[in-house]
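Student:
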DNA sequence: CCCAGCACGC
DNA sequence: GACGTACGTGCTGGGT
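In the numbering used here, the protein residues as written are 1287 to 1838.
(1) Restricting to runs no shorter than 4 residues, where is the alpha helix (DSSP H) found entirely within the stretch 1445 to 1524?
(2) Let me know the secondary structure DSSP gives residue 1838 once reduced to three states.
(3) Rounding to the nearest angstrom, what Cα-Cα distance links residue 1480 and residue 1530 in this structure?
(4) Could you pull out every residue in the same chain whose Cβ sits closer than 6 Å to the Cβ of residue 1407, ignoring the five residues on either side in sequence?
(5) Considering Cα atoms alone, identify which of 1414, 1342, 1608 is closest to residue 1376.
(6) Between the stretch 1329 to 1344 and the stretch 1304 to 1316, do at least 3 Cβ pairs fall closer than 8 Å?
(7) If residue 1648 sits next to residue 1667, beta carbons under 8 Å apart, how far is it from one beta carbon to the other, in whole angstroms?
(8) Taking just the CA atoms, how far does residue 1583 sit from residue 1307?
(9) Which complete beta strand (DSSP E) runs does the stretch 1707 to 1764 hold, if anything under 3 residues is left out?
(10) Could you give the uninterrupted runs of the alpha helix (DSSP H) lying entirely in the stretch 1344 to 1370, keeping only those of 4 residues or more?
(11) Might you give, ordered along the chain, the residues of its own chain that have their beta carbon closer than 7 Å to the beta carbon of residue 1631, omitting 5 neighbours on each side?
(12) Taking the C-alpha atoms as reference points, what is the distance between residue 1710 and residue 1348?
(13) Would the stretch 1465 to 1483 count as touching the stretch 1520 to 1527 if we require 3 or more Cβ pairs under 8 Å?
(14) Looking only at C-alpha atoms, which of 1627, 1745, 1699, 1754 sits nearest to residue 1717?
(15) Since residue 1804 is in the alpha helix (DSSP H), which residue starts that stretch and which ends it?
(16) Measuring alpha carbon to alpha carbon, tell me which residue in 1550, 1714, 1729 is nearest residue 1722.
(17) Rounded to whole angstroms, what's the CA-CA distance from residue 1552 to residue 1698? Just pull it up for me.
(18) With a Cβ-Cβ cutoff of 8 Å, do residue 1350 and residue 1440 count as a contact?
(19) Taking only three categories from DSSP, how would you classify residue 1552?
(20) In whole angstroms, what is the alpha-carbon distance linking residue 1633 and residue 1328?
(21) Please name the residue, chosen from 1591, 1345, 1768, 1761, that lies closest to residue 1323 on a Cα-to-Cα basis.
(22) Between residue 1604 and the rest of its own chain, which residues show a CB-CB distance below 6 Å, the 5 nearest in sequence each way excluded?
(23) Considering only C-alpha positions, which residue in the set 1742, 1757, 1646 is nearest to residue 1700?
(24) Which of the three DSSP states, helix, strand or coil, is assigned to residue 1776?
(25) Apart from the five residues on each side of it in sequence, which residues of its chain come closer than 6 Å, Cβ to Cβ, to residue 1300?
(26) Measuring only the C-alpha atoms, how far is residue 1282 from residue 1822?
(27) Is the Cβ-Cβ distance between residue 1555 and residue 1461 less than 8 Å?
(28) Could you name the residues of the same chain whose beta carbon sits closer than 7 Å to that of residue 1287, not counting the 5 residues immediately before and after it, in chain order?
(29) Residues in its own chain within less than 8 Å of residue 1608 by CB, not counting five upstream and five downstream?
(30) Enumerated in chain order, which unbroken segments of the alpha helix (DSSP H) with a length of 4 residues or greater are wholly contained in the stretch 1595 to 1660?
(31) Entirely within the stretch 1379 to 1442 and at least 4 residues each: give me those alpha helix (DSSP H) ranges in chain order.
(32) Using only CA atoms, which one of 1656, 1702, 1390, 1836 lies nearest to residue 1670?
If you want it as structure tokens, here you go:
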């Protein structure tokens, strides 16, 4: 195919027209789509891969995706739809899907659309996708993003498609039992809450709750909500109020259970595929500002783990028959990346010596010998390490640790005295971002931060934090994406039946036939730890179990 | 249908 | 004197 001839092959139209039959699609198009030598480009081509796979048609030879290109060029913009892209690149206004099918009650399926309208819509779609890919390819090259695209983002597409199609087995009956347990306790709490409040109201309405707590019961309002609506009733506020009244504690418990029931127990149960007993999330490759993946419908990256009741949800995620779950998570990947990027002597040595990094920070910041680092000191040091990654201020740290602002500033001063490389990294990164308006990851992923020179201090400070956090979080994302690509390849080469089923930012979950357990862990350790050697070693921790809570 | 408030994860 | 931790998804309530 050359020039601007785009072809629409009608298939499955209800209209009585000459069209191709499904077996012919498989016979004629199947080999072309499967041939890795015949290069394909697309817009959100992971979607096409999954649709084609449903009909037994593998899609190989994918070399470019305009949606991902648009994202790499501008990771913070809201959407990367073809209509937006066409308008941006060519000033071309595409026909909207619902202009072809109608909308609302009168909407028809695409099969019912008259063939000539379908032709225009589909051919326009192919045409603009092809044009966009051509133009984006040039723009990526100009911006130094071609390698990131070719080496990471494009090879990741089929890996994610496979993970989505494989899915994660979930015990539906166990989820239903959990939902009932939560509901029973919520009903009990509901009565106790009404009794304590002296009236019935909608407990889920923070607005009504605010009136009860702060007007009727006369508790002291600690914090306002950000917009107009009034009293904050969030977990910090309720925890404070729990000292002076029995109601807030009941409300906190009610909130916890309500969250678990509605967001997890009930919603996940609805999304279990009846035929397979598995949940199939969508991995979004073009959403986050930093290069991380996101997960939706359902989001499997925020399944509870911290509290015991929440872990019960995680326990319903189980392996396929005759399999075990293996979790492989990078230990302290962001701090290791910080050590590498900052070229910080102490941080690098600590990781090379396999020290406990938070204990080491406690030693440096609080100036005590390692044997004198209490749990409390270690936990404070951990908060400081997190704060560094997020660009936290002395004020925020003081709040976090419940100490004075002055003391917090002292800790921060000590930190930067000892970790001089980190200090230098933060200063030079912000300075460079001021000059170029951009901040970069290890693999050249970039984020534009024009607000770094804003006159509004809030905007400017936000950009400064992003200038620091994005290289760290984004480089971690680069590394785990590359590890996922290599793992998929490794599993294939070794003829393994183990499946990679999920990634949660610094962690990869595998569904593994029991006899492959040892082999899988050895391969994953090698691939993940050696994915891209840094000045510090990368370390992976493994967990195995008959549910996701155990494996973690 | 959208926003606000809230809460779950890393 | 105010404001002050990165990145997400999704629930319910409440107003349009």
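By construction, the Cβ of each residue, glycine as well, lies at the ideal position given by its N, Cα and C atoms.
Tutor: Result, derived from the coordinates:
(1) 1458 to 1483, 1492 to 1497
(2) coil
(3) 18 Å
(4) 1381, 1386
(5) 1414
(6) yes
(7) 4 Å
(8) 33 Å
(9) 1724 to 1726, 1732 to 1734
(10) 1352 to 1359
(11) 1707
(12) 42 Å
(13) no
(14) 1754
(15) 1803 to 1815
(16) 1714
(17) 45 Å
(18) yes
(19) helix
(20) 44 Å
(21) 1345
(22) 1455, 1457, 1833
(23) 1646
(24) helix
(25) 1397, 1398
(26) Since the displayed the chain opens at 1287 and closes at 1838, residue 1282 lies outside it and no answer follows.
(27) yes
(28) Because the pLDDT of residue 1287 is 45, which lies under 50, any placement of that residue in the model is unreliable, and the number read from its coordinates should be weighed accordingly. Nothing listed; no residue qualifies.
(29) 1799, 1800
(30) 1619 to 1628, 1631 to 1638, 1643 to 1652
(31) 1383 to 1387, 1401 to 1428
(32) 1702
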